[in-house]
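Undergrad:
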Amino acid sequence: MLFVAVLVAAVTANPTIPEAARAMYNPKLFQGDIKGIAGQEPGDPIPDDKAEILYALSGPRFTGFSQKERAAILGDQYLWSGGVVPYVLGSSVTSTQETVILQGMADFHSKTCIRFVPRTTEANYIEIITNDSGCWSYVGSIGGMQQLSLDTNGCIYVGTVIHELMHAIGFYHEHCRNDRDDYVTIYYEYVIDGYAYAFDKDTYWRYVGENYNYFSIMHYGTYAFSANWGVDATIVPTDPNIVLTEAYDKYEMAQSDANQINNLYGC
3 MLFVAVLVAA VTANPTIPEA ARAMYNPKLF QGDIKGIAGQ EPGDPIPDDK AEILYALSGP
63 RFTGFSQKER AAILGDQYLW SGGVVPYVLG SSVTSTQETV ILQGMADFHS KTCIRFVPRT
123 TEANYIEIIT NDSGCWSYVG SIGGMQQLSL DTNGCIYVGT VIHELMHAIG FYHEHCRNDR
183 DDYVTIYYEY VIDGYAYAFD KDTYWRYVGE NYNYFSIMHY GTYAFSANWG VDATIVPTDP
243 NIVLTEAYDK YEMAQSDANQ INNLYGC
């Protein structure tokens, strides 16, 4: 019995981070899955004393590039003209993956004025790829072709697709809103070493008509970036009745997400 107890304790103390969550933990990117921000310069390089730790956690996904960007309010010049977002699917995208991607796009089409359309000759467009490392996107339209990654390993979920596409049209994370401390407590002591920046607040942000929503597709779950997944909570709601879930466990955006999109794009 003692042996069993020790074994259970050992397993509990070293839980495995789900692949779908780990795919959002890109150490070179702002808040884990933001490749860049329209109108902003890349952030600072990762300090050398963190590089070895981050490589051990993320393996080949880690490249030693910038670990952060600086969030900024998106001017209208960084929105997609008329709410129309041309896209192409990279050669790595399979028919099964395309089905999931189109399901994510359909959620926008049914609730908002945003329209994802196959690209013809448009200069500004998104290329969706599945053969890069992790799930990531740019925030807003950066001009020209911009990639959006939905790694085959961990990103092919309708909720993840919606999440990354919301970044692409100009949105940040809900749990990084400037007013988030009224709604959640971030337990930095449980965050994976070197990932505290993933909870940086968006100091410069545009209010688009909706209050904080725990159920937003842009809100991470209870154990986001936890060194002890399933044991030590990193995001704890001030409302004890709230249960947070990850984007990949959701199947549609919240109504507040849709309202914000429509407000931002004036439709």
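The opening position of the sequence shown corresponds to residue 3 in my numbering, with each subsequent residue numbered one higher. Cβ atoms here follow ideal geometry from the backbone N, Cα and C, with glycine treated the same way.
1) Does DSSP put I116 in a helix, in a strand, or in coil?
2) Would you list the one or two residues that DSSP bridges to E129?
3) Identify which residue in D202, Y192 and M168 has its Cα closest to the Cα of D183.
4) Distance, Cα to Cα, T122 vs L31?
5) Which whole-angstrom value is the C-beta distance of G92 and I131, which I expect to be below 8 Å?
6) Near Y185, which residues of its chain fall below 8 Å by C-beta distance, leaving aside the five closest residues on each side in sequence?
7) Buried or exposed: which applies to P29, given that a residue is buried once 16 or more other Cβ atoms fall within 10 Å of its Cβ?
8) Under a three-way DSSP split, which group does G136 fall into?
9) Look up I39 in the DSSP assignment and give the residues it is bridged to.
10) If you compare alpha carbons, which of G161, G77 and T98 is closest to A22?
11) Starting from the Cα of S151, find the closest Cα among T114, Y27 and S112 and give me that residue.
12) Write down the C-beta distance between S218 and E176 rounded to the nearest angstrom, noting that I regard them as a contact closer than 8 Å.
13) Here's the rule I'm using: 16 or more other beta-carbon atoms within 10 Å means buried, otherwise exposed. How should D134 be labelled?
14) Less than 7 Å between the beta carbons of I39 and Q99, yes or no?
15) Does A198 pass the burial test, meaning 16 or more other C-beta atoms within 10 Å, or should it be called exposed?
16) Can you list, in chain order, the stretches of the beta strand (DSSP E) that have 3 or more residues and sit fully within the region 182 to 256?
17) Between the Cα of L266 and the Cα atoms of R208, G41 and P120, which residue gives the shortest distance?
18) Could you give the distance in angstroms between the alpha-carbon of T101 and the alpha-carbon of D78?
19) Which class does F32 belong to by DSSP, given the choice of helix, strand or coil?
20) Determine the burial state of S258: buried for a count of at least 16 other Cβ atoms within 10 Å of its Cβ, exposed for fewer.
21) Is the separation between the beta-carbon of A25 and that of G136 shorter than 7 Å?
22) Pick helix, strand or coil for E21, following the three-state DSSP scheme.
23) Out of curiosity, what's the CA-to-CA distance linking D109 and I164?
24) Exposed or buried, which one is G34 when buried takes at least 16 other CB atoms within 10 Å?
25) So, using beta-carbon positions, are N264 and T114 closer together than 7 Å?
26) Quick check on the burial criterion: 16 or more other C-beta atoms within 10 angstroms. Buried or exposed for P47?
TA: So, from the listed chains and residues:
1) In the structure shown, I116 sits in coil (DSSP, three-state: anything other than H, G, I, E or B).
2) BP columns for E129 point to V90 and Q149.
3) The candidate whose alpha carbon is nearest that of D183 is D202.
4) Computed Cα separation, rounded: 30 Å.
5) Between I131 and G92 the Cβ distance is about 4 Å, and since that is below 8 Å, they are a contact.
6) Closer than 8 Å at the Cβ level, and outside the excluded window around Y185, lie Y214, Y216, P239, T240 and D241.
7) P29 comes out buried.
8) G136: coil per DSSP, three-state reduction.
9) Paired residues: V141.
10) Ranking the options by Cα distance to A22, first place goes to G161.
11) Per the Cα distances, Y27.
12) Separation of the CB atoms of S218 and E176 is rounded to 4 Å, and the pair is thereby assigned contact status at 8 Å.
13) Buried is the call here.
14) Between I39 and Q99, the C-beta spacing is not below 7 Å.
15) Label assigned to A198: exposed.
16) Those beta strand (DSSP E) runs which fall completely within the region 182 to 256 and span 3+ residues are 186 to 188 and 237 to 239.
17) Relative to the Cα of L266, the nearest Cα in the group R208, G41 and P120 belongs to R208.
18) So the two alpha carbons sit approximately 31 Å from each other.
19) F32 sits in a strand when the DSSP states are folded into three classes.
20) Classification of S258: buried, given that the 10 Å Cβ count is 16 or more.
21) Contact annotation: A25 and G136 have beta-carbon atoms nearer than 7 Å.
22) Three-state DSSP puts E21 in a helix.
23) When rounded, the distance between both Cα atoms is 8 Å.
24) With a threshold of 16 other beta carbon atoms within 10 Å, G34 meets it and is buried.
25) Yes, Cβ-Cβ distance for N264 and T114 is below 7 Å.
26) Since pLDDT at P47 reaches only 40, below the 50 mark, its modelled position is unreliable, and no value is offered.
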